[in-house]
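J.:
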């Protein structure tokens with residue numbers, strides 16, 4: 002498969018179409034980004050790399066990082082995790098409180114904000130030095146020892162984070178936050194502040210295409226069963242209430258972020274990352290969605 | 002892979018565990034079934050067959066048939082279909098009216114009752130002799146010329162079908178039913194009345210594992226893209242509000258019915274059907290779910 | 002109190018203001034009405050009468066009639082009635098199915114469509130010849146022996162009644178409709194088809210201002226306790242999800258209809274009826290609401 | 002009317018019936034109260050007083066105080082207030098977040114927690130020294146210069162106040178809290194911490210039965226129109242989702258608190274207060290509801 006040619010062809014095709022999305026504007030760190038940025042990167046499980054456009058430029062990966070916090074918590078806690086958070090798609094917006102009220106504080110899945118906050122609470126209980134230990138884990142998985150939280154983004158997120166503060170207080174009112182609110186929400190805001198490039202993203206998430214193992218060291222980050230399960234959750238819950246649409250049009254497990262990034266995984270084949278800041282009305286990268294749909298059509302590679 | 006041995010081993014293991022589910026009792030045709038029935042059948046895309054237990058006994062496939070009506074409507078109407086029904090998981094019970102009210106009569110997906118009824122309305126508009134033509138299509142796909150609707154089950158469904166009558170009137174109040182109510186709901190109740198065995202089910206649904214082509218005649222029932230998309234919808238929406246759980250534990254696209262049947266598809270590999278009448282509290286076959294979870298664990302074959 | 006002068010002054014004042022509402026258009030019998038019609042009538046418990054404008058012209062009283070069916074059912078069944086329908090405001094639209102789903106088929110109150118349908122089911126069980134007996138009751142209460150159902154309006158309502166058909170099937174699916182659907186919904190559509198003038202309305206509903214007794218014959222239609230309770234329900238539930246607004250601005254128990262009529266009661270003082278076909282966005286008569294607000298301000302007469 | 006005899010008779014009758022409610026236990030200050038306390042007090046607009054039982058014992062009036070903060074805010078801001086909070090019954094629990102999500106941060110009414118918090122935000126903007134000025138207002142209205150906040154109750158409320166913290170953050174995320182969260186929620190928790198006896202309550206709330214004027218000084222606390230409107234809101238929204246039930250069985254505007262107190266007003270006649278700590282499952286005093294129902298039946302005095 003000539004991935005490089007396909008990627009470049011689609012990249013040019015999509016650049017010619019007007020981008021009808023709009024950039025997330027709730028914090029300056031997102032609204033200040035050049036909205037025309039567009040990068041694509043693909044890494045195969047054989048460690049071959051293909052990319053184009055702004056694929057080496059750092060951007061705020063936002064919710065994509067929730068896959069990493071979940072991986073660490075799942076690895077440490079195992080199936081017990083699922084007493085605290087579900088695995089069902091939410092059927093409503095990413096920051097809805099309605100579902101929490103009906104389900105008495107158990108978030109529908111670990112990728113909506115409520116669920117990611119509960120995962121942070123679990124890590125807060127499990128880790129010695131949570132903020133540092135989580136960062137260390139991400140550095141190891143990504144092979145990027147210099148990777149760090151962005152204090153500016155974390156502070157901006159917090160300053161606009163009334164909805165997330167509402168979520169964590171609401172969940173705690175049901176007893177599903179076990180630590181004090183402050184360190185947990187601080188961990189959450191820092192998690193969302195990480196910046197990576199498309200090339201770094203595929204490198205970081207490639208273990209999910211490789212049965213949980215680092216393709217270069219062979220080291221297991223998750224076991225095979227855990228890996229399949231995280232992929233399944235990305236498939237059904239990775240795109241807020243557009244998860245079905247993504248499964249339908251793209252057919253790969255993946256996770257998007259409000260910064261315009263999307264990571265998708267083809268088990269046993271590759272990890273692909275796309276970045277374009279303008280979002281469709283569901284909050285997922287407009288061009289990113291277009292690219293991945295056409296890419297899987299073109300390559301006839303989807304898990305279905 | 003020694004499918005026969007794995008199937009038989011798991012069959013025996015599961016038979017030893019007490020079945021904590023309960024049989025659907027809303028119509029006599031379902032409540033009268035021996036609750037201890039348990040059958041499994043697997044057919045590979047190379048037309049190899051493996052099975053055990055009550056795998057050749059007929060049972061009411063109920064909602065599993067919705068995949069067939071969707072296949073026919075999608076084949077005839079193409080992407081226009083998705084203006085009338087969504088592809089997102091519902092996040093609530095299979096017969097909920099709440100979502101319809103918020104979404105102004107557009108069902109979340111074609112597998113909840115509301116969505117399947119809209120598909121019947123589409124077929125009612127597209128087909129010359131809808132009830133007969135749909136049956137003919139199912140006979141062809143299944144290679145079972147003697148297959149027929151069960152008038153008894155259809156009549157029983159209708160006699161208890163107040164919720165479905167509420168759904169169709171409600172959808173029509175939003176303008177998303179275009180024909181008279183009577184023939185559409187009659188088509189729907191007949192669709193749900195079909196009976197098959199596990200062996201017949203795998204034979205019928207094998208095309209979904211084979212890129213849309215009949216494995217014996219090579220004839221295309223759906224094109225490759227359509228097939229992938231139906232698989233994607235089964236993955237995200239095939240198990241009511243347990244779709245995420247099924248993706249998480251089993252990792253295959255599939256569809257369940259209230260009669261205790263489950264069909265699942267491993268693209269490019271096989272189709273598998275399980276039948277055991279007792280349902281878990283989400284309305285899916287208890288033993289069927291257990292079997293498929295252990296089967297994909299044992300074979301290490303899931304799409305993730 | 003010079004009611005006649007106050008009524009006429011306000012009538013002229015309001016006629017000068019542009020009417021921002023819009024006429025209900027879902028059936029021809031409503032949409033064909035001259036939207037500029039405006040009538041007011043007031044009858045005191047001493048049988049004094051005051052009126053102006055189109056106060057003697059017949060119009061479709063629609064949901065206002067639900068107070069009469071409730072009165073008859075409550076009189077016959079007593080407190081048992083409240084096992085089948087609640088007395089709480091609905092907090093959502095008059096024909097919402099959402100609440101029914103959460104409350105398992107028990108309508109929140111007898112004035113939303115769902116509740117009025119349950120009341121019709123109760124009358125269907127209690128009366129010998131329900132449609133005729135209900136009409137007879139209304140004739141007696143109103144002192145209008147020639148009053149009749151409008152077959153045209155009833156037929157029109159039915160032809161557009163998908164939402165109501167959805168409601169009755171939905172309620173029956175929960176077991177809270179005990180008769181066959183057809184006669185019950187037929188009774189409901191006929192109930193909504195009655196036509197009266199403002200002058201006839203005040204005459205009919207005056208017993209609610211008079212502790213349940215006919216002001217001319219002294220005969221008890223309801224006892225005092227029942228009367229107070231129906232007034233209380235009109236106060237909290239008589240205006241769909243604008244009940245609080247009506248209590249807040251007008252301060253009298255009342256009931257509105259989609260034909261543009263409003264009846265309100267000042268216990269021990271008077272009954273007042275207003276008719277103006279254009280509705281505000283909550284479905285209540287725009288000019289009717291304005292008039293009643295200013296009337297109770299002007300007269301300083303509210304129950305609060 | 003021999004109020005004293007009726008009150009004493011009903012008091013004895015109700016004491017003989019087992020109290021099936023249960024005391025609010027979420028803070029020690031409420032759970033430590035003797036659950037058998039039962040007091041009743043009535044003050045007429047002619048300043049006659051009647052009472053029995055524990056009518057002079059202080060208890061935590063909790064949400065009853067929300068009528069006072071509303072009165073002050075309404076008096077200062079006038080009709081502008083209703084852009085920030087509605088006047089419709091909520092149709093759901095007193096601390097639900099669901100409605101807020103649908104209505105974009107505008108609470109349904111000023112008596113659910115969300116609404117009372119918005120009122121505190123309004124006072125925070127309007128008053129120089131909000132906590133002190135509000136207290137001063139309540140002291141004046143009640144004629145109790147020694148009345149004070151209970152720092153213990155306020156601190157307890159805060160320590161258990163995750164749901165309220167969720168509410169205020171959620172409302173602020175919609176822009177309907179204009180001040181910093183801390184002083185507003187602090188004002189709210191202090192407001193809820195006030196303690197009064199039944200006798201003090203009737204004295205304090207008597208102005209609502211007297212067209213807004215203090216019965217002893219003749220001074221206007223609210224004007225007549227404002228008074229009627231607050232009574233109307235108490236009528237439709239004063240008892241959480243039991244408001245319709247209270248209107249139906251009691252027929253007076255009123256407000257309850259989780260401490261077991263209820264205040265009700267008969268315009269132009271009297272104010273009555275009841276206290277009994279055990280609550281029914283809707284969160285209103287069990288014996289208080291029983292007493293008021295029987296009292297208005299006995300006296301045949303309701304506003305309907």
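Residue numbers (my numbering), protein chains in the order written: chain A, 2 to 305; chain B, 2 to 305; chain C, 2 to 305; chain D, 2 to 305. Positions of the beta carbon are idealized from the N, C-alpha and C atoms, including for glycine. Source: prediction; values computed, not measured.
1. Provide the residue(s) that pair with residue 256(C) in DSSP beta bridges, ordered along the chain.
2. Looking at chain A, is there any beta carbon in it that lies within less than 8 Å of the beta carbon of residue 248(B)?
3. Do residue 265(A) and residue 202(A) come within 8 Å of each other at the CB atom, strictly closer than that value?
4. Distance cutoff 8 Å, beta carbons only. Does residue 221(C) sit that close to anything in chain D?
5. DSSP on residue 197(B), reduced to helix/strand/coil?
6. Under 8 Å between the Cβ atoms of residue 207(C) and residue 216(C)?
7. Can you give, in chain order, each stretch of the alpha helix (DSSP H) that sits fully within the stretch 64-146 of chain C and has at least 4 residues?
8. Roughly how many angstroms lie between the CA atoms of residue 111(A) and residue 65(A), to the nearest whole one?
9. Going along the chain, which residues of the stretch 98-127 of chain B sit with their C-beta nearer than 9 Å to a C-beta in chain C?
10. Which residues, in chain order, does the stretch 234-267 of chain B contribute to contact with chain A at a C-beta distance below 7 Å?
11. How big is the Cα-Cα spacing for residue 109(D) and residue 252(C)?
12. Would you identify the three-state DSSP class for residue 245(A), choosing helix, strand or coil?
13. My guess is that residue 98(D) and residue 167(D) are in contact by the Cβ rule of under 8 Å, so how many angstroms apart are they, rounded?
14. How about the stretch 78-92 of chain D and the stretch 211-225 of chain D: do they share at least three Cβ pairs that are nearer than 8 Å?
15. State the beta-bridge partners of residue 276(C) as determined by DSSP.
16. Below 7 Å between beta carbons is the criterion; list the residues of the stretch 161-184 of chain D that meet it against any residue of chain A, in chain order.
17. Should residue 44(D) and residue 204(D) be called a contact, given that it needs their Cβ atoms to be closer than 8 Å?
18. Mind pulling the chain C residues with CB within less than 8 Å of residue 229(D)?
19. Just checking, does the stretch 219-228 of chain C make contact with the stretch 241-249 of chain C on the three C-beta pairs under 8 Å criterion?
20. I need the straight-line Cα distance from residue 39(D) to residue 113(D), nearest angstrom please.
21. Does the structure place the stretch 254-262 of chain A close enough to the stretch 268-283 of chain B that three or more beta carbon pairs sit under 8 Å?
22. Is the beta carbon of residue 72(C) closer than 8 Å to that of residue 304(C)?
23. Residues of chain D with a CB under 8 Å from the CB of residue 89(C): which are they?
24. Just verifying my parser: in three-state terms, what is the DSSP assignment at residue 289(C)?
25. Can you say whether residue 131(C) is buried or exposed, counting buried as having 16 or more other CB atoms within 10 angstroms of its CB?
26. Reducing DSSP to helix, strand and coil, say where residue 228(B) ends up.
27. Using only alpha-carbon positions, find the residue among 229(D), 104(D) and 254(D) that is nearest to residue 75(D).
28. By a C-beta neighbour count over all protein chains shown, 10 Å radius and 16 as the cutoff for buried, is residue 236(B) buried or exposed?
29. Please classify residue 285(C): is it buried, with 16 or more other beta-carbons within 10 angstroms of its beta-carbon, or exposed?
30. Does DSSP classify residue 214(A) as helix, strand or coil?
31. Determine the burial state of residue 191(D): buried for a count of at least 16 other Cβ atoms within 10 Å of its Cβ, exposed for fewer.
32. Below 7 Å CB to CB, which residues in the same chain sit around residue 294(A) once its five sequence neighbours on both sides are set aside?
33. Taking residue 226(C) as the query, report the chain D residues whose CB atoms sit under 8 Å from its CB, ordered along the chain.
34. Would you mind reading off the limits of the beta strand (DSSP E) that contains residue 48(B)?
35. Since residue 167(B) is in the alpha helix (DSSP H), which residue starts that stretch and which ends it?
36. Between residue 285(A) and chain B, is the shortest Cβ-Cβ distance under 8 Å, so that the two count as touching?
T.: The answer reads as follows:
1. Counting from one through the third chain, the residue named residue 256(C) turns up at place 255. Residue 256(C) pairs with 264(C).
2. Here residue 248(B) refers to the residue found at position 247 of the second chain. Yes, contact with chain A.
3. As a first step, residue 202(A) must be located in the first chain, where it is residue number 201. As a first step, residue 265(A) must be located in the first chain, where it is residue number 264. Annotated as distal: residue 202(A) and residue 265(A), with beta-carbon spacing of 8 Å or more.
4. As a first step, residue 221(C) is located in the third chain; it is residue number 220 there, counting from the start. It does not: the Cβ of residue 221(C) has no partner Cβ on chain D nearer than 8 Å.
5. Here residue 197(B) corresponds to residue number 196 of the second chain, with the count starting at 1. Three-state result, residue 197(B): strand.
6. Translated into positions along the third chain, residue 207(C) becomes position 206. Translated into positions along the third chain, residue 216(C) becomes position 215. Annotated as proximal: residue 207(C) and residue 216(C), with beta-carbon spacing under 8 Å.
7. 67-78, 99-103, 114-127 and 131-143
8. Your numbering for residue 111(A) matches position 110 in the first chain. Your numbering for residue 65(A) matches position 64 in the first chain. Each residue's Cα considered, the two are about 12 Å apart.
9. Of all residues in the stretch 98-127 of chain B, 98, 99, 101, 102 and 103 have a Cβ within less than 9 Å of some Cβ in chain C.
10. Listed by position, the residues of the stretch 234-267 of chain B near chain A (Cβ gap below 7 Å) are 234, 236, 237, 238, 242, 244, 245, 246, 248, 249, 252 and 254.
11. As a position in the fourth chain, residue 109(D) is number 108, starting the count at 1. As a position in the third chain, residue 252(C) is number 251, starting the count at 1. Roughly 18 Å separates the two Cα atoms.
12. Within the first chain, the letter at position 244 stands for residue 245(A). In the structure shown, residue 245(A) sits in a helix (DSSP, three-state: H, G or I).
13. Reading the fourth chain from its first residue, position 97 is the one you call residue 98(D). Reading the fourth chain from its first residue, position 166 is the one you call residue 167(D). Residue 98(D) to residue 167(D), Cβ: 7 Å. Contact.
14. no
15. Residue 276(C) sits at position 275 when you count from the first residue of the third chain. Per DSSP, 40(C) and 262(C).
16. 163, 164, 166, 167, 170, 171, 173 and 174
17. Indexing the fourth chain from 1 puts residue 44(D) at position 43. Indexing the fourth chain from 1 puts residue 204(D) at position 203. In contact: residue 44(D) and residue 204(D) (Cβ atoms closer than 8 Å).
18. One-based indexing of the fourth chain puts residue 229(D) at position 228. 252, 303 and 305, listed in chain order.
19. no
20. On the fourth chain, position 38 is the one that residue 39(D) refers to. On the fourth chain, position 112 is the one that residue 113(D) refers to. Straight-line Cα distance between these residues: approximately 25 Å.
21. Because the criterion of three Cβ pairs below 8 Å is not met, the stretch 268-283 of chain B and the stretch 254-262 of chain A do not touch.
22. Walking along the third chain from the start, residue 304(C) turns up at place 303. Walking along the third chain from the start, residue 72(C) turns up at place 71. Contact: no.
23. Start at 1 with the first residue of the third chain, and residue 89(C) comes out as number 88. Those are 90, 92, 242, 243, 244, 245 and 246, listed as they occur along chain D.
24. Position 288 of the third chain holds residue 289(C). Here residue 289(C) carries a helix assignment [DSSP, helix/strand/coil].
25. Within the third chain, residue 131(C) is the residue found at index 130, counting from 1. Its Cβ being crowded by 16 or more others within 10 Å, residue 131(C) is buried.
26. For the purposes of this step, residue 228(B) is taken as residue 227 along the second chain, with counting starting at 1. The answer is helix: DSSP assigns residue 228(B) an H, G or I state.
27. Looking up residue 75(D) in the fourth chain gives position 74. Comparing Cα positions, the closest option is 229(D).
28. As a working mapping, residue 236(B) is identified with position 235 in the second chain. Buried, since its Cβ has 16 or more Cβ neighbours within 10 Å.
29. As a working mapping, residue 285(C) is identified with position 284 in the third chain. With 16 or more Cβ atoms within 10 Å of its Cβ, residue 285(C) is classed as buried.
30. The residue you call residue 214(A) lines up with position 213 of the first chain. DSSP places residue 214(A) in strand when its eight states are reduced to three.
31. Reading the fourth chain from its first residue, position 190 is the one you call residue 191(D). Residue 191(D) sits buried, since 16 or more C-beta atoms from the chains shown fall within 10 Å of its C-beta.
32. If you number the first chain from 1, residue 294(A) lands on position 293. Same-chain partners within the cutoff: 250 and 251.
33. Locating residue 226(C) in the third chain gives position 225, counting from the first residue. Neighbours of residue 226(C) on chain D, chain order: 298.
34. Numbered from 1 along the second chain, position 47 holds the residue referred to as residue 48(B). Looking at the DSSP string, residue 48(B) is not in any beta strand (DSSP E), and its letter there is neither H nor E.
35. Here the question's residue 167(B) lines up with position 166 in the second chain. Segment 163-174, the alpha helix (DSSP H) holding residue 167(B).
36. In the first chain, counting from the first residue as 1, residue 285(A) sits at position 284. Not an interface residue.
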